[in-house]
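Remarks on the structure that follows.
4 protein chains.
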Amino acid sequence: MAPNTTPIAIVAGVGPGTGAAVARKFSAAYPVVLLARSPANFESLAEEINKAGGKAIGISTDISDEASVKAAFEKIRKEYEDAPIAAAVFNAGGKFVRKSVMEQTVEEFGAGWHVGVKGAFIFSQAVLPGLLKHAENDPKHQPTLIFTGATASIKANPLMAGFASSKFALRALATSIAKEVAPKGVHVAHAVIDGVIDIPRTKDWLKDMPPEAKIGADDIADAYWNLHLQSKRCFSNEIDIRPMLEKW
Amino acid sequence: MAPNTTPIAIVAGVGPGTGAAVARKFSAAYPVVLLARSPANFESLAEEINKAGGKAIGISTDISDEASVKAAFEKIRKEYEDAPIAAAVFNAGGKFVRKSVMEQTVEEFGAGWHVGVKGAFIFSQAVLPGLLKHAENDPKHQPTLIFTGATASIKANPLMAGFASSKFALRALATSIAKEVAPKGVHVAHAVIDGVIDIPRTKDWLKDMPPEAKIGADDIADAYWNLHLQSKRCFSNEIDIRPMLEKW
Amino acid sequence: MAPNTTPIAIVAGVGPGTGAAVARKFSAAYPVVLLARSPANFESLAEEINKAGGKAIGISTDISDEASVKAAFEKIRKEYEDAPIAAAVFNAGGKFVRKSVMEQTVEEFGAGWHVGVKGAFIFSQAVLPGLLKHAENDPKHQPTLIFTGATASIKANPLMAGFASSKFALRALATSIAKEVAPKGVHVAHAVIDGVIDIPRTKDWLKDMPPEAKIGADDIADAYWNLHLQSKRCFSNEIDIRPMLEKW
Amino acid sequence: MAPNTTPIAIVAGVGPGTGAAVARKFSAAYPVVLLARSPANFESLAEEINKAGGKAIGISTDISDEASVKAAFEKIRKEYEDAPIAAAVFNAGGKFVRKSVMEQTVEEFGAGWHVGVKGAFIFSQAVLPGLLKHAENDPKHQPTLIFTGATASIKANPLMAGFASSKFALRALATSIAKEVAPKGVHVAHAVIDGVIDIPRTKDWLKDMPPEAKIGADDIADAYWNLHLQSKRCFSNEIDIRPMLEKW
């Protein structure tokens, strides 16, 4: 039997914001797999994509847990018959607290790392074989692995030790992987999302400001899609993104 | 008489590589103005664009000379009846020498700054009113000012003092302008072009390597165009670009 | 009874190189506490310092384990009667592997973080009360907390994902703490050690090069001491250190 | 006649603040040459140093003018009989304006570059032969060339295009020179002075804040001196400096 060459896309950390927007965007081109801890985060989205003519499945996954991720990818392999992976987006992050370094627990400090860095590593290990397989098929668009960063990826503020250290670490992980797999045709990019994303959870933030004080989740998805379209002769490995009215 | 609201694009530093590719790309949407010192650098390109159904004019301009730039923009204003500017790309750089800091002249050291930084400042002053005017028209795509950087924008190597210091300076200029005019709707971006661009002058470089060891000029143009398409809620102010096989 | 105002210094991650040199240096001014997992790493050093007229004790501590660190600090408090802390140096790091991101285990990837970041956090929590107490005593030299970084703190290379991400994270942690406690008089600094340190383990590295191809551990200790001497009106929060012959 | 091996120190950009403090500090070890445009900036300082038992001469010099600098160094060579140079500190900067990029003149924009970058280049060319000569004498302390940077060396703010671009450029120049001459034993360092220096001109700034809201000029001088003391096996090429109460 000929190997399956129809690629899929996988989004880890699907919630009501960036992850969902990215999944919608990529679903126009690829079947998408939605990974999130809670099915509530992907069920209606999968339904929406499937109704719209795309194809989506959600798998409840704890991205910080290797066994959980392995189980999820076992399902993906079965469902999509060892499909190559055209795009993988890591959008997960742990809860973070805004607290003095003296007042937080080791667990609070480490939460960002366990989900946002160790999780990113586990996810990368899970998707890289499929991304490399896609690269070998000489695809129209290079397989792409994108990590979502934040202001804290490049700026460590007080009371943000856990979040900032995890985001700095994620950036280093992304760069290290980018350098390793680029020669094999896999495009790895890191996006510094520098501003408030306009999602249900932030609807009361910056309330007195016009819409362009926040970042549109759909706009991030467009930017990620454009990264995916870049040729072998033009990889952007890092972009920043901020709304027009952001002070920086 | 109603004001002219048909926007134009202006590219400074048009040669056989990035500048030409950018001009071609933007000419699909806007009349383009090509600025270069030597008419040989824009004549055939203008002809090519005009034949292809676009509209292009070239103006011989010394971008490092305020009077020359003012004269060029006087011509532009007449030719295009005070048109707003949708996009402006600064792609010029001075000659640079690879020499010990002890062996170069002050003129050699300063060449990069005069063209690549002072020139960028003069160009910015010339285009910003037109970019701001376009922003006020609530355009489909935000007016965009893009500066072309290099590896040396973020890495200062030995024997490269003049080039690196001018590229560091250009990056600072780009950021300062970006922060100033973003709230008015003008999107300013800086691109770190980290690798050899595949142009006639570099055809013998990396000869034994496959095509993806060099950056495609057309690919840079695509990336710039995508920056131009970004919404008010998603400005990338800095991107890097390198070919798949670049070591970094 | 009047509170104990005689300050101590604490070095975490004492081995035969930087940690030992730092301990020796600071022992000229303060009783020093040496923390290392294995007593072999501090026993002869403590003896050496005590014989030389200084005062040193070693405590076997797993810096990545909160309970172990708490037990160590309980001993310190008893031994030194709640002494304020004049200086604390974090010099620990986990083992790291040079491996493809696809070929290492989650444990290998995380080793750098558990010791070098979580450990740094636990250590910071343990020393900050003593450092703040010292600041309140209006000391001659501000209490100082120094973190030892590496090339990988600012550069993420391929095959180094675990190490680089932990060092990026440590840098962010250091900066976040620095910003939080500086207004209270605690000086936090991060040192980017960019080169091979001349220690027994590296004696065969760069063998054909002169001594100034490596960093002297004693020289690092001098640099740390000078950070400690800086006044409230002149905190260096980050320095880099490399040998004369380093390429960078 | 045996060559003169008694080294001197040279400070460019002597005013009532950092330059003067640095000159005083280095005058304890070396005869110092004070370069400033206006004799008013060095006359009383030279007198003070000479009275205190040191040796200082001032030379009126326009550091941005190659001929002026050459004339100054001709005087220095005669006065000090081709003395090697132990330390050279570049502390000059052009006037800067806080203005929209659209409202400043090319001259205003370029002022920072002409003095602060071109001047730094001219100064470097003038001192490097003497620094290299000193390195060959196997001195106790490596010859040191220090450049004074600012917050704007790493952060480009709006309305600060000229200043920031010149400071970014200076940083690149410093790094390029550092990499070139380090293997020959010359230690080049760049200091990011991130805060208000406490000098007569700033006496009304931050008036309601305690003294540690400003940087002490003497403290900067101490930091520069400590850079000078670093061994071949431990060069710091960049340090930052800020007062305890600085927000960053």
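Just so you know, the protein sequences line up as chains A, B, C and D, in that order.
Going from the first sequence to my numbering is simple: count from 1 and add 170.
Going from the second sequence to my numbering is simple: count from 1 and add 170.
Going from the third sequence to my numbering is simple: count from 1 and add 170.
Going from the fourth sequence to my numbering is simple: count from 1 and add 170.
Backbone N, C-alpha and C define an ideal beta-carbon position, used for all residues, glycine too.
In the structure shown, phenylalanine 260/A falls within a strand segment according to DSSP collapsed to helix, strand and coil. Chain D has no Cβ within less than 9 Å of the Cβ of glycine 365/B. With a cutoff of 9 Å on beta-carbon distance, proline 254/D and proline 313/D are scored as near each other. Our two residues, serine 401/B and isoleucine 411/B, have alpha carbons roughly 21 Å apart in a direct line.
Minimum Cα-Cα distance from alanine 172/D among the listed residues Asn307/D, Ala258/D and Val203/D corresponds to Asn307/D. If you check each beta-carbon in the region 382 to 394 of chain C against every beta-carbon of chain D, the ones closer than 8 Å belong to Glu382, Lys384, Ile385, Gly386, Asp389, Ile390, Asp392 and Ala393. Counting along the chain, histidine 304/C sits inside the alpha helix (DSSP H) bounded by residues 289 to 306. For valine 276/B, the enclosing alpha helix (DSSP H) starts and ends at 276 to 283. With a 10 Å radius around the Cβ and a threshold of 16 neighbouring Cβ atoms, threonine 176/C comes out exposed. The CB of proline 254/A never comes closer than 7 Å to any CB in chain C; the least such distance is about 16 Å. Cβ proximity to chain B below 7 Å picks out Ser270, Val271, Met272, Val276, Phe279, Gly280, Trp283, Val287, Lys288, Phe291, Ile292 and Ser294 from the region 260 to 294 of chain D. Linking aspartate 364/D to threonine 321/D through their CA atoms gives a straight-line distance of about 5 Å. Only residues of its own chain outside the window of five on either side were considered, and among them Asp368 have a CB closer than 7 Å to the CB of glycine 386/B, listed in chain order. Of Glu218/A, Val239/A and Val184/A, the smallest CA-CA separation from asparagine 211/A is found for Val184/A.
Contact note: leucine 298/C does not reach chain D at a C-beta cutoff of 8 Å; the least C-beta distance is about 16 Å.
Pairwise C-beta distances place the region 371 to 382 of chain A out of contact with the region 383 to 399 of chain B, as fewer than three of them are shorter than 8 Å.
By a beta-carbon distance limit of 8 Å, valine 362/B contacts glutamate 408/B. Their separation comes to about 7 Å. When the alpha-carbon of phenylalanine 243/C is set against those of Ala281/C, Gly189/C, Gly300/C and Ala193/C, the nearest one is in Gly300/C.
A contact between stretches requires three or more CB pairs, one per stretch, nearer than 8 Å, and the region 178 to 192 of chain B meets this requirement with the region 257 to 268 of chain B. Following the DSSP letters along the chain, one finds aspartate 388/C in no beta strand (DSSP E) but inside the alpha helix (DSSP H) bounded by residues 387 to 399. At least 9 Å separates the CB of arginine 247/C from every CB of chain A. The region 180 to 209 of chain D is shown to contain whole beta strand (DSSP E) runs of 3 or more residues at 202 to 206, in chain order. Ranked by Cα distance from alanine 359/C, the options Trp418/C, Ser294/C and Ala331/C are led by Ser294/C.
By the neighbour-count criterion, in which a residue is buried when 16 or more other Cβ atoms sit within 10 angstroms of its Cβ, alanine 237/C is exposed. Exposed is the label assigned to aspartate 378/A, since fewer than 16 other Cβ atoms lie within 10 Å of its Cβ. The C-alpha of phenylalanine 266/B lies about 22 Å from the C-alpha of proline 209/B.
Counting only residues of its own chain and dropping the five nearest sequence neighbours on each side, methionine 330/D has a CB closer than 8 Å to the CB of Phe266, Arg268 and Ala322. In the three-state reduction of the DSSP assignment, arginine 412/D falls in the strand class, which pools E and B. The three-state reading of DSSP puts valine 351/B in helix, counting H, G and I together. In this structure, DSSP gives phenylalanine 405/A an extended state, which the three-state scheme calls strand. Interface criterion not met: the Cβ of asparagine 307/D is under 9 Å from no Cβ in chain C. For the C-beta of serine 346/C, the chain A residues within less than 8 Å are, from N- to C-terminus, Val271, Ala326, Asn327, Pro328, Leu329, Met330, Ala331, Ala334 and Ser335. Phenylalanine 291/D and valine 271/B have their C-alpha atoms spaced approximately 8 Å apart. Serine 230/C sits in a strand when the DSSP states are folded into three classes. Residue burial is scored here from C-beta neighbours: glycine 264/D has at least 16 other C-beta atoms within 10 angstroms and is therefore classed as buried.
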